[in-house]
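J.: Position 101, counted from 1, in the sequence shown is what the numbering used here calls 130; the numbers after and before it change by one each time, with no gaps.
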Amino acid sequence: MNETKLTWPPALPFSTVLARARAMDQQAVSLLYRRFLPVVYRFALARVGNPHTAEDVTSDTFFAMLESMNTVQADDELGFAAWLLGIARNKTLMHFRHQRGQPRLVSGYPEQVEVAVEADDPLHILTARESWDEVVVALDRLTEEQRSVVLYRCVLGYSAEEVGEMLGRQAGTIRALQFRALASLARVLGIEQRRTTSSRAGKGQGYGTRR
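(1) Report the option in Gly115, Leu171, Val101 whose CA atom is closest to the CA atom of Ala215.
(2) How long is the line joining the alpha carbons of Leu180 and Val77, rounded to whole angstroms?
(3) Need the endpoints of the alpha helix (DSSP H) that Pro80 sits in, please.
(4) Could you give the distance in angstroms between the alpha-carbon of Glu173 and the alpha-carbon of Leu196?
(5) Got a sec, what are the start and stop residues for the alpha helix (DSSP H) Met123 sits in?
(6) What residues in its chain sit with their C-beta under 6 Å from that of Asp89, if we drop five residues either side in the sequence?
(7) Quick one: what's got a C-beta closer than 7 Å to Ala210's C-beta in the same chain, skipping five residues either side?
(8) If you run the structure through DSSP and keep just helix, strand and coil, what is Val146?
(9) With burial defined as no fewer than 16 other Cβ atoms inside 10 Å of the residue's Cβ, what is the status of Leu107: buried or exposed?
(10) Is it right to say Ala52 is buried, meaning 16 or more other beta carbons lie within 10 angstroms of its own, or is it exposed?
(11) What is the residue span of the alpha helix (DSSP H) that His71 lies within?
(12) Please say whether Met98 and Val58 have beta carbons closer to each other than 9 Å?
(13) Just to confirm the assignment, what range does the alpha helix (DSSP H) spanning Arg51 have?
(14) Within 10 angstroms of its Cβ, does Val86 collect 16 or more other Cβ (buried), or is it exposed?
(15) Are Gln56 and Arg64 closer than 9 Å when you measure CB to CB?
(16) State the Cα-Cα distance for the pair Val217 and Asp162, rounded to the nearest angstrom.
(17) Evaluate Phe91 with the Cβ neighbour count: other Cβ atoms within 10 Å of its Cβ, from every protein chain shown; 16 or more gives buried, anything less gives exposed.
(18) So, with DSSP's three-state summary, where would you put Ala212?
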């Protein structure tokens with residue numbers, strides 16, 4: 030077993046990190062957990078609207094990740110993120126199904142209601158399909174640069190300026206790449222995408238975006 034210490038960004042290719050995680054290498058699994066914990070939590074919180082419930086969904090998501098690591102078909106960071114958020118989406122749906130089956134209690138607190146997720150939510154585009162194969166096909170149609178922009182902007186929440194520095198591009202170019210990439214994904218997956226996706230991205234909004 031290669032004992033190279035893992036840091037973020039990892040010195041090893043992300044595919045190697047995933048391979049080690051599939052083998053239940055504790056360091057690799059811990060790295061994935063630390064990196065994607067904020068992403069999954071914000072994704073869950075945006076949908077359930079309650080911090081405690083979001084924590085439960087996040088915990089369930091990572092338990093499911095451990096149980097399913099050997100089934101991950103992705104070999105890069107974006108593909109893994111989409112797979113993991115697909116699990117989070119399913120756990121969120123399970124939460125609401127369970128909630129609807131519970132007897133209603135009378136209390137002084139407003140009833141928890143499901144938070145509507147807009148169709149132009151960038152993460153919605155990656156997780157709206159039940160079939161993982163459809164998402165993989167759509168992601169594979171993007172250029173490498175577009176995939177990088179979707180990962181850093183929409184999933185990991187970096188600002189356009191930060192991504193521009195990483196890729197050697199102007200912030201305006203990054204926003205244009207993001208819009209084209211999301212439009213391509215939406216088209217392939219049959220999801221209606223409104224122009225507001227571009228305007229929201231231009232304001233640096235997203236999950237964990239650092240302005």
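Using N, Cα and C, we set each Cβ at its ideal position, and we do this for glycine too.
T.: So, from the listed chains and residues:
(1) Leu171
(2) 23 Å
(3) 80-97
(4) 11 Å
(5) 106-129
(6) Lys120
(7) Leu171, Gln175, Val178, Val179
(8) At Val146 the pLDDT is 43, less than 50, meaning the model places this residue with poor confidence and gives no usable figure here.
(9) buried
(10) exposed
(11) Rather than His, the amino acid found at residue 71 in this sequence is Arg. Taken as a continuous stretch (DSSP letters only), the alpha helix (DSSP H) holding Arg71 covers 55-77.
(12) yes
(13) 43-51
(14) buried
(15) no
(16) 12 Å
(17) buried
(18) helix
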